[in-house]
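There are 2 protein chains.
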Amino acid sequence: MPEPRPPDAARAEQWFERWEDRLERAARANRERDAWTPFVESPSRRLHPPGAAEAGKAAFRARLGRPFSLDLPGVVGTVGAEASPWTGAPLGVTYPRVAVDPLLEAVQAAAPAWARATRRARLGVCMEVLARWSDQTFENAYATMHTAGQAFMLAFTGSGASSLDRGLEATAAAWSAMQQIPERATFERAFGKGAPVRLEKRYRLRPVGVAVVLTCGSYPAWNAWPAILVNLATGNPVVVKPHPDTILPVAIAVETAREVLREAGFSPDLLTLACDTWDAPVAVDLFEHPAVQIIDFTGGQAFGRTIERRWAHKQVYTETAGCNAVVLESADDLESALGAIALGLVLFSAQMCTAPQNLWLPRAGVRDGDRLVPPAEVEARLVAAIDRLVADPGAAAGLCGALHSARTLADIATLKAAASDRVVRDSAPAPPPDHPEARTATPLVVRLDADDRALAQQERFGPMAFVIVADDRDAALAGATADAQRFGAIASYAYTTDPDWLPVVLDAFAEAGASVGVNLVGQRPMNYTAAFSDFHVTGLNPAGTASLTDPGFVARRFRVVQSKVEVAGS
Amino acid sequence: MPEPRPPDAARAEQWFERWEDRLERAARANRERDAWTPFVESPSRRLHPPGAAEAGKAAFRARLGRPFSLDLPGVVGTVGAEASPWTGAPLGVTYPRVAVDPLLEAVQAAAPAWARATRRARLGVCMEVLARWSDQTFENAYATMHTAGQAFMLAFTGSGASSLDRGLEATAAAWSAMQQIPERATFERAFGKGAPVRLEKRYRLRPVGVAVVLTCGSYPAWNAWPAILVNLATGNPVVVKPHPDTILPVAIAVETAREVLREAGFSPDLLTLACDTWDAPVAVDLFEHPAVQIIDFTGGQAFGRTIERRWAHKQVYTETAGCNAVVLESADDLESALGAIALGLVLFSAQMCTAPQNLWLPRAGVRDGDRLVPPAEVEARLVAAIDRLVADPGAAAGLCGALHSARTLADIATLKAAASDRVVRDSAPAPPPDHPEARTATPLVVRLDADDRALAQQERFGPMAFVIVADDRDAALAGATADAQRFGAIASYAYTTDPDWLPVVLDAFAEAGASVGVNLVGQRPMNYTAAFSDFHVTGLNPAGTASLTDPGFVARRFRVVQSKVEVAGS
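Residue numbers (the numbering used here), protein chains in the order written: chain A, 1 to 570; chain B, 1001 to 1570.
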């Protein structure tokens, strides 16, 4: 039976008008894939209103040591045991714990009005949410820093412009996909000698069900903002299930978006938060609920694969992990290449899904201009480059950040024991003077032979890397691409100055279903990824099924229901 | 390792240029969804080259009583036991029987060159295939007639323009989705005070794997042409598994498309045919093969649901069945409405997925202008309208066609026995004079009460219909939409002259995830569906997951693999 009409969406339509140019510009950027962003990437004071930085820091501090107030449905208690990787101190924030059935009952009650809202109203809400999240970047950066462990500068970009860009990219992709289908059409045609038939057709875009978005611990916003927004844009309510150790930045964003929904006259329960604990995880109960039809997951490969198989009859979009390779064949300036690779290994202690892990070298050496540099020397110079980056503890912390999880320290120790005499650079703590309790570790580097590289055939989350020596450049390329195909790769890299070999490299990674960056030594870290330009995850290797943000990421989240009414007398 | 370069695709690129305007026009029709088709819908002689009809008939006759030659890989014997529903006589055509493993080995060997071909080359091949299929319409119409059981006129449209339209629509949708992603982009941006970074990016669209397309017995081309073409367009090789009783029209199309592939320098094994028998079905072996990553299925709901669950980790697109309703509330001219419904029940003996089945009436009667016509009279006039359509055996056969399957006769007998005294119109054979052996049946109509309608809550494939009396119009609408949501509906219908109730009807079907046609009495049968304008299957009820042809039908069949190469000195 038809339900009551949607709330007056005038406010949301106004937001659409306010942000329409930005939305259309983003849709164009999606198609042209050049450099564009409307968000501010730097925390530099001159780029923000006076007092923004201080206000953000104060807002973050005001969150600490108290319950985080969210008027969620189905609350049955509280959870929350986050501790700062920088200080070791608990944040003291508690969140509502919700029971799955009453939560989803409320979500389903909120859903019909959102399903019936116009595309413009839904997009207006999404665009306004992005703008408000942008205004909260300082606060969210501190929240990210003290949960994920990111250094402040990275957190400001990572939970700010970088993730806002991806969110806008996804929103615009959803808009473009929906705009492929007109809202109405008139079908008029003569059949034989009779009067023309005229049919007034209407195409309604309908959501498929509730979406559950699992966010990850170390980089909470980057995959989450796109998933949240693309689901809302296409009419699907969202339940966010944050990583139990990184709730705060996500909770802040959910709170803000719920306020936007409320202002527009919709139920805030279109976006809810289901926090859990390591001991009592709630994800499976959410996935099993019949109202849930979409799962967006960011996290480990094992659970990701389980989700891909067990809930395959729902829509599943995953971004997990891979053993990202660097094939180092030759360089115009080997020192620059090694500097870039060292930075890639150090940056946020390689806790980013695009961080390099396996450095492949030809046994005869890497050509540096006219010289062939043997693997031992390449390795030594890489170690030296890493050492320089982490020499000063303050500067090191700014690059390395803190380790999100204590488990990573254990993983480093385990790998070190397994690698025994093949360790070429040991890992060590490097806490900064202002955070002596910070959980830190500089990169562990292990040397392997291509024929004995099992240790490198999985993602080692955190500052662990391998130098793998192969017989020649083709063997290195073959090994790197085979591992990408078999074990997954989110980002791959290569360095070569040989114009004849470059296409061989590009083809080999393409055949392996792995994206590749070549000769990256410029102003940005090698694993810098640009929304509107770079696609992320191919879906063609075990590192995940979701691509941010291609048509396949958005197009099945809505369906078309049509009506046609014959016009009398036609 | 990179494989040899693709074949010289100059021929395919020429085809692309030849058909580019048609392709772009189709893409525009997809967005505007008004009336358009480039194909010829009528077999009228003046619309075709002289002799085309005779040549087509002769070509069909030449196929009979002999092996159908297809140089497929992995041939291990022959199959083929088709018999004409019109004559009862075996066609005498045998087809190669293939073994799954060697077949797929050959398909996989052919795949890389197709994956590497340009979009234009692949689209050129698809567009040329459509043109050649169009040229074969007469031959294919006879093949369809004598396997599916369609009358010639329906077969000419059904395996001709209607299916070619849907194939072109899908091809254009794939093109549009791919064109969202540029082939290359230059990313240039200054970070901080350094020189701008310049990255040359390339976005390769890569297929996901082999597609298996299962075609159905009664309407072989309509879902199959879109599935075959959209898979080929996006780079995925196709294995077609035809219904064992309707192989010939599909085999003809496969033969032609293989020839086009060959002419373009590609392996014909990019499109293969895996025929089987009722006793030794091959579909499951195909689905289980690891190379198969896409399943396009048209057929029964039970097997469709099994596929949707069991192979959900692959991409599954289904079109199955539903219990299509007609809610008859009021009409400007009840006789016209009843005539349209009677035609819908008679046309091809309701063996089309869009045929109406359950006619819902308010107990107080149907308003006809100023008069309230009681259900018993509505029923009697419907029966009379059916009787008029089938009174002349020759004309009846032209409308009803033959029954595709002998099982349908048994199903009619079973339903008749179950309905006992509720039969309001009995079914009877009505063979035409020129085909006295034709397997035919006129509609069986059964009266049910809304509270006791279990018999109507499934698809009754063939000429079986129900008149269901509900307490009032809202109860009728509620029952029709509830059954659509629970048991599936591919097409729903309503008749109402009440402008206040019309939006209630449209909203109710939209909420149920069922498309609806209202007041359809025009020149075309009510279940006429227009490619480029009508979407087919919503994916929101049990009648299937595939929609022809929305972005969700095409967008996940390819993935993006990217490379970025930093330009030296940037």
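Even glycine gets a Cβ: it sits at the ideal position worked out from N, Cα and C.
Along chain A, which residues have their Cβ under 8 Å away from the Cβ of residue i?
i	result
S1069/B	Chain A residues near S1069/B: none, gap ~34 Å exceeds 8 Å.
F1191/B	G522, Q523, R524
At a CB-CB cut-off below 7 Å, which residues of chain B make contact with residue i?
i	result
H313/A	E1308, R1309, A1312
P182/A	R1031, E1032, R1033
Could one say the Cβ of residue i lies closer than 9 Å to chain B's Cβ atoms, at least one of them?
i	result
S547/A	yes
S134/A	no
D534/A	yes
E188/A	yes
A9/A	no
D332/A	yes
L502/A	yes
Under 9 Å between beta-carbons, which chain B residues line up against residue i? List them in chain order, please.
i	result
I295/A	Under the 9 Å cutoff, chain B gives no residues; its nearest Cβ is about 12 Å from I295/A.
By alpha-carbon positions, which one of the options ends up nearest to residue i?
i	options	result
V1230/B	D1296/B, F1266/B, P1290/B, F1191/B	D1296/B
P1237/B	A1321/B, P1433/B, H1243/B, V1213/B	V1213/B
A1491/B	T1481/B, T1497/B, D1500/B, E1169/B	T1481/B
V1195/B	P374/A, G522/A, V446/A	At residue 1195/B the sequence reads Ala, which differs from the Val that was named. Ranking the options by Cα distance to A1195/B, first place goes to G522/A.
T94/A	T408/A, T87/A, M526/A, G77/A	G77/A
P463/A	G209/A, A568/A, A428/A	A428/A
V254/A	Y203/A, L455/A, L130/A	L130/A
L1286/B	A1029/B, A1555/B, P1102/B	P1102/B
R206/A	L444/A, A117/A, V383/A	A117/A
K1416/B	R1407/B, T1408/B, D1426/B	D1426/B
A1456/B	P1436/B, D1434/B, R1422/B	R1422/B
A1009/B	A1115/B, A1099/B, A1035/B, E1024/B	A1115/B
R557/A	A81/A, R258/A, G65/A, M178/A	M178/A
D387/A	L345/A, A376/A, L409/A	L345/A
R122/A	Q14/A, R63/A, S84/A, M153/A	Q14/A
A350/A	D451/A, A391/A, A397/A	A397/A
S336/A	V378/A, S563/A, A325/A	V378/A
G1322/B	Q1293/B, A1355/B, G1149/B	A1355/B
A1478/B	A1454/B, E1459/B, A1508/B, R1486/B	A1508/B
Does the CB of residue i have a neighbour CB from chain A at under 9 Å?
i	result
G1369/B	no
G1194/B	yes
P1112/B	yes
A1185/B	yes
V1040/B	no
L1571/B	Missing from the structure shown is residue 1571/B; chain B here goes from 1001 to 1570 and no further.
L1506/B	yes
M1001/B	Low local confidence applies: a pLDDT of 40 at M1001/B is under 50, so the model's placement there is unreliable, and no value is given.
Could you tell me which chain B residues have their CB closer than 8 Å to the CB of residue i, listed as they occur along the chain?
i	result
V574/A	One cannot answer for residue 574/A here, as it falls past the ends of chain A, which runs 1 to 570.
Y572/A	There is simply no residue 572/A to check, as chain A begins at 1 and stops at 570 in what is shown.
R206/A	A1510, G1513, T1538, L1540
Using the beta-carbon of each residue, which ones in chain A are nearer than 9 Å to residue i?
i	result
L1214/B	Here the premise fails: no neighbours, minimum Cβ distance about 19 Å.
R1425/B	The contacting residues do not exist; R1425/B stays about 26 Å from chain A at best.
Taking Cβ-Cβ distances below 7 Å as the criterion, which residues of the region 536 to 567 of chain A are in contact with chain B?
-> T538, G539, L540, S547, D550, P551, G552, A555, R556, R559, V560, V561, Q562, S563, K564, V565, E566
Check each residue of the region 1154 to 1177 of chain B: if its Cβ is closer than 9 Å to any Cβ of chain A, include it; give the result in chain order.
-> Cβ contacts with chain A: A1173, S1176, A1177.
Mind checking the region 1508 to 1531 of chain B against chain A and listing, in chain order, the residues whose C-beta falls within less than 8 Å of any C-beta there?
-> A1508, F1509, A1510, E1511, G1513, A1514, S1515, V1516, G1517, V1518, N1519, L1520, V1521, G1522, Q1523, R1524, A1530
Within the chosen definition, does the region 362 to 375 of chain A reach the region 463 to 479 of chain A through at least 3 CB pairs nearer than 8 Å?
-> Segments in contact, yes.
Is it true that the region 263 to 276 of chain A meets the region 304 to 315 of chain A, where meeting means three or more beta-carbon pairs spaced less than 8 Å apart?
-> no
How about the region 241 to 253 of chain A and the region 137 to 144 of chain A: do they share at least three Cβ pairs that are nearer than 8 Å?
-> The count of Cβ pairs closer than 8 Å, one atom from the region 241 to 253 of chain A and one from the region 137 to 144 of chain A, reaches three, so the stretches are in contact.
Mind checking the region 1383 to 1417 of chain B against chain A and listing, in chain order, the residues whose C-beta falls within less than 9 Å of any C-beta there?
-> none
Okay, do the region 1160 to 1176 of chain B and the region 1026 to 1046 of chain B touch, 3+ Cβ pairs below 8 Å being the bar?
-> yes
Can you give me, in chain order, the residues of the region 239 to 273 of chain A that have a beta carbon less than 9 Å from any beta carbon in chain B?
-> none
Is the number of C-beta pairs between the region 1507 to 1527 of chain B and the region 1540 to 1548 of chain B that are closer than 8 Å three or more?
-> Touching, yes.
Is it a yes or a no for the region 1215 to 1228 of chain B touching the region 1047 to 1058 of chain B, going by three-plus beta-carbon pairs under 8 Å?
-> no
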